[in-house]
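Each protein sequence line maps, in turn, to chains A and B. Quick note on numbering: the first sequence equals residues 771 to 1055 in my numbering. Quick note on numbering: the second sequence equals residues 8 to 160 in my numbering. Using N, Cα and C, we set each Cβ at its ideal position, and we do this for glycine too. Model, not experiment: these values are computed from the prediction. Data first, discussion second: the structure below is written as structure tokens.
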Amino acid sequence: MSPGAPLAAGAAGPMTPEPLRVRSLRRETADTWTVSLDVSRRPGGFPFQPGQFNMLYVFGVGEVAISISGDPGRPAELLHTVRTVGAATHALRGIGRGGTLGVRGPYGRPWPMEEARGQDVVVVAGGLGLAPLRPAILHLLRHRAEYGRVSVLVGARTPEDLPFRRELARWQEDSRLRVLVTVDKASPGWTEHVGVVPALLSDVEVDPARTVALMCGPEVMMRFTVRELERRGVPDARIHLSLERNMKCAVGFCGHCQLVPYFVCKDGPVFPYEKLRPFINLREV
Amino acid sequence: MPPPLPPLEHHPFLRGLSPEQVSAIACGIRELSFPAGALLLREGEQADTLYLLRSGRVVLELNVPGRGTTQLETLKAGDILGLSWLFPPYRWSLDARAVEPVDAFALDASCMRGPTPEHPVLEPALAMRLLRHLYDRLERVRLQRLDVYKAGA
């Protein structure tokens, strides 16, 4: 199966949502929640690859593209981490335990975990960009011996805005990872870094010939981080970004998420920077 | 036992300079250690030192009346700290506090801002490195003030 092909088990087709019940909701930050969906009736659960997303349909309100934030090694658990910013995500939060969501997916080109095998991996996450990277980090931990050095750099607005805080603390204690966290604003008592994510790169060893970078966050943050990686000699082909665009159909028909020659839903959301370079700074797209 | 700290000429700020250039820039060098919580700079006090951080982390802080102390940026081994000695009135504009034990070289600013016969004003190699440092910091501040993680930003 190609990475972008939807897994339609239990669903009638790529455009038909499959009803799934909300098993639980966990608060991550003031406006961000992790929603667990019940996939126990699906044979084999809900397999996906790190970096893929689903379309979540709040019946009668609307549909939104949300990255899968769970562990790809545990397909019996389907997790999405959602920030309540619009009508659909507010309604999604309001559904509550036992309520039903429509789900289509998984869609999209995943993180290049095969290509990264045997390489050092630098994971760079800004804000909720950690959600689509979490499956990649869990994959790296599950297959740790197959990769070189793994560094995880995480940025957020304030300490309170960090998603997956307990897990981040656990990862920081895990000798198999180097995890650095920074925030834009902090008050006394915060003992991690203060400042922007690209500045954390000076704290990790980057061998440009054997480093693969996986990055997701606000696009401006990613552009600054790409520049910092380029200063260290990392080739564009080794830098992978996950983009967020207005995805509607998720299968490359409607064109809402078009980025010049690409449909972000189908050709992405993960792209090597060498493909994005000509378009990432265009103001019209 | 931790590895020995690199010598002055291996600090990233000076790396690549000739011994003559280093000696033109660096005079009155002191090797200092600070415990966690110690203030390296205090706002308003005389600015007469350039610190080259060798280990540990330092956070720049500003006390904002009514809001308390705000942490602005973390500096770490390999960074430089303190540039207010460059221009009058030569007073620190921020506090800098050790987040963890810090080792640093302290360079006497009077050698760098001259002029004296031995130390002309800002050796060109030093000037370029300070410019690079300031430009990098400007880029970081620009990104930081964009508040990119704010909902709808």
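Measure the CB-CB distance between residue i and residue j and report whether it falls below 9 Å.
{"i": "D1006 of chain A", "j": "R879 of chain A", "result": "no"}
{"i": "G952 of chain A", "j": "V891 of chain A", "result": "Note that residue 952 of chain A is Thr in the sequence shown, not Gly. No, the Cβ-Cβ distance between T952 of chain A and V891 of chain A is not below 9 Å."}
{"i": "T908 of chain A", "j": "A895 of chain A", "result": "Position check: residue 908 of chain A holds Leu in this sequence, whereas Thr was assumed. Contact flag unset, no."}
{"i": "L57 of chain B", "j": "L24 of chain B", "result": "no"}
{"i": "E80 of chain B", "j": "G965 of chain A", "result": "yes"}
{"i": "L849 of chain A", "j": "V805 of chain A", "result": "yes"}
{"i": "P131 of chain B", "j": "G85 of chain B", "result": "no"}
{"i": "A31 of chain B", "j": "P108 of chain B", "result": "no"}
{"i": "T928 of chain A", "j": "P968 of chain A", "result": "no"}
{"i": "L60 of chain B", "j": "L93 of chain B", "result": "no"}
{"i": "L970 of chain A", "j": "L938 of chain A", "result": "no"}
{"i": "M119 of chain B", "j": "L133 of chain B", "result": "yes"}
{"i": "R1001 of chain A", "j": "V974 of chain A", "result": "no"}
So is residue i in contact with chain B if we call contact Cβ pairs under 9 Å?
{"i": "M825 of chain A", "result": "no"}
{"i": "H963 of chain A", "result": "yes"}
{"i": "M883 of chain A", "result": "no"}
{"i": "A858 of chain A", "result": "no"}
{"i": "A861 of chain A", "result": "no"}
{"i": "G832 of chain A", "result": "no"}
{"i": "R904 of chain A", "result": "no"}
{"i": "D977 of chain A", "result": "no"}
{"i": "P958 of chain A", "result": "yes"}
{"i": "G1003 of chain A", "result": "no"}
{"i": "R927 of chain A", "result": "yes"}
{"i": "S972 of chain A", "result": "yes"}
{"i": "V894 of chain A", "result": "no"}
{"i": "G897 of chain A", "result": "yes"}
{"i": "G864 of chain A", "result": "no"}
{"i": "D1006 of chain A", "result": "no"}
{"i": "T952 of chain A", "result": "yes"}
{"i": "F1033 of chain A", "result": "no"}
Give a yes or no on whether 9 Å exceeds the smallest Cβ distance from residue i to chain A.
{"i": "V155 of chain B", "result": "yes"}
{"i": "E50 of chain B", "result": "no"}
{"i": "L12 of chain B", "result": "no"}
{"i": "R22 of chain B", "result": "no"}
{"i": "L150 of chain B", "result": "yes"}
{"i": "L79 of chain B", "result": "yes"}
{"i": "R120 of chain B", "result": "no"}
{"i": "V106 of chain B", "result": "yes"}
{"i": "G85 of chain B", "result": "yes"}
{"i": "L75 of chain B", "result": "The sequence as given places Gly at residue 75 of chain B; Leu does not occur at that position. True, the Cβ-Cβ gap to chain A drops below 9 Å."}
{"i": "V29 of chain B", "result": "no"}
{"i": "E146 of chain B", "result": "yes"}
{"i": "L47 of chain B", "result": "no"}
{"i": "R64 of chain B", "result": "yes"}
{"i": "L67 of chain B", "result": "yes"}
Write down the C-beta distance between residue i and residue j rounded to the nearest angstrom, noting that I regard them as a contact closer than 8 Å.
{"i": "F816 of chain A", "j": "V809 of chain A", "result": "4 Å"}
{"i": "L871 of chain A", "j": "V920 of chain A", "result": "Not really, about 33 Å apart at Cβ, beyond 8 Å."}
{"i": "G63 of chain B", "j": "A105 of chain B", "result": "6 Å"}
{"i": "L48 of chain B", "j": "D102 of chain B", "result": "6 Å"}
{"i": "R22 of chain B", "j": "Q53 of chain B", "result": "Rounded, the Cβ-Cβ distance is 29 Å, inconsistent with contact."}
{"i": "G34 of chain B", "j": "D115 of chain B", "result": "Inspection of the sequence shows that residue 34 of chain B is occupied by Cys rather than by Gly. With a Cβ gap of about 5 Å, C34 of chain B and D115 of chain B count as contacting."}
{"i": "C1027 of chain A", "j": "G899 of chain A", "result": "Not confirmed; about 17 Å, so no contact."}
Sorted by chain position, which residues of the same chain lie with C-beta nearer than 7 Å to residue i's C-beta, five sequence neighbours on each side aside?
{"i": "A926 of chain A", "result": "G897, L932, V953"}
{"i": "E885 of chain A", "result": "V982"}
{"i": "R136 of chain B", "result": "F20"}
{"i": "W881 of chain A", "result": "P820, G821, A906, L984, H1010, V1040"}
{"i": "P773 of chain A", "result": "In this prediction, P773 of chain A has a pLDDT of 45, which is less than 50 and means its spatial position is unreliable; nothing more can be read from the coordinates."}
Near residue i, which residues of its chain fall below 6 Å by C-beta distance, leaving aside the five closest residues on each side in sequence?
{"i": "R863 of chain A", "result": "W803, T854"}
{"i": "Q151 of chain B", "result": "none"}
{"i": "L1013 of chain A", "result": "V1034, G1038, P1039"}
{"i": "S837 of chain A", "result": "F823, A901, P902"}
{"i": "T77 of chain B", "result": "L69, V71"}
{"i": "A858 of chain A", "result": "V828, V831, G832, V834"}
{"i": "L67 of chain B", "result": "L79, E80, L101, A103"}
What residues in its chain sit with their C-beta under 8 Å from that of residue i, if we drop five residues either side in the sequence?
{"i": "D143 of chain B", "result": "none"}
{"i": "E146 of chain B", "result": "none"}
{"i": "V792 of chain A", "result": "V805, S806, L807, D808, I865, G866, R867, G868, G869, T870, L871"}
Start-end ranges of the beta strand (DSSP E) lying completely within the segment 46-106 of chain B, minimum 3 residues | 46-48, 56-62, 64-71, 75-83, 102-105
Which full runs of the alpha helix (DSSP H) of 4+ residues lie inside the segment 852-905 of chain A, going along the chain?
-> 857-865
Ignoring anything shorter than 4 residues or poking outside the segment 950-1002 of chain A, list the alpha helix (DSSP H) runs there in chain order.
-> 989-1001
List in chain order: all unbroken beta strand (DSSP E) runs of 3+ residues lying wholly within the segment 818-852 of chain A.
-> 823-828, 832-837
Runs of beta strand (DSSP E) lying entirely within the segment 8-44 of chain B, each at least 3 residues, in chain order | 37-41
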